[in-house]
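Undergrad: I'd like to ask you about the structure that follows.
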Amino acid sequence: KTDPNWPQIVRVSPLLNWSYHQIWSYVLQRRVPYCSLYAQGYTSIGSTFNTWPNPALAYTDRYGCLSYHAAWKLPDGAAERAGRQAAPTHVGNAYSGINIESCINL
């Protein structure tokens, strides 16, 4: 039901019951345009103050630098919002042993 003084509407959300992986499967198969941040490991886009790459997608690349797999490679769709926080939290060993200085300007 809408607020008083507004016309009554019916809201239809056909994707509401789709899983995280079903949505990404559709987007990739149909080549639906998407924000480039998803390819950089972001799985939930908010503001510039609370959006970070998802730590579940973190890995160390061949140069020893912290990198992120694309959003559609997230193993557990329930972790979609793990990158939404005030500042990144280092989960498990995802960020340990990485020399950030050696990764600059590769």
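Using this note's numbering, you'd call the opening residue of the sequence shown number 921 and step up by one each time.
Every residue, glycine too, gets a C-beta built ideally from N, C-alpha and C.
Keep in mind it's a predicted model, so treat the numbers as computed, not measured.
#1: State the CB to CB distance for the pair Gln928 and Asn970, rounded to an integer number of angstroms; the pair is presumed to be in contact (CB under 8 Å).
#2: Counting along the chain, where does the beta strand (DSSP E) carrying Leu986 start and finish?
#3: Answer yes or no: do Ser945 and Gly997 have a C-beta to C-beta separation smaller than 8 Å?
#4: Going by C-alpha distance, which of Lys993, Leu948, Pro973 is nearest Leu986?
#5: When DSSP labels each residue in this structure, what does Tyr946 get in the three-state scheme?
#6: So what does Tyr979 bridge to, in DSSP terms?
#7: Do you know how far the Cα of Asp923 is from the Cα of Pro975?
TA: From the atom records:
#1: By one-based count along the sequence shown, residue 928 stands at place 8. By one-based count along the sequence shown, residue 970 stands at place 50. With a Cβ gap of about 34 Å, Gln928 and Asn970 do not count as contacting.
#2: For the purposes of this step, residue 986 is taken as the residue at position 66 of the sequence shown. 986-988 is the span of the beta strand (DSSP E), which, as asked, contains Leu986.
#3: Residue mapping note: residue 945 aligns to position 25 of the sequence shown, counting from 1. Residue mapping note: residue 997 aligns to position 77 of the sequence shown, counting from 1. In this structure, Gly997 does not lie closer than 8 Å to Ser945 by Cβ.
#4: For the purposes of this step, residue 986 is taken as residue 66 along the sequence shown, with counting starting at 1. Ranking Lys993, Leu948, Pro973 by Cα distance to Leu986 puts Pro973 first.
#5: Your numbering for residue 946 matches position 26 in the sequence shown. Three-state result, Tyr946: helix.
#6: The residue given as residue 979 occupies position 59 in the sequence shown. Tyr979 pairs with Ser987.
#7: Numbered from 1 along the sequence shown, position 55 holds the residue referred to as residue 975. Numbered from 1 along the sequence shown, position 3 holds the residue referred to as residue 923. Near 39 Å, if we compare the C-alpha coordinates of Asp923 and Pro975.
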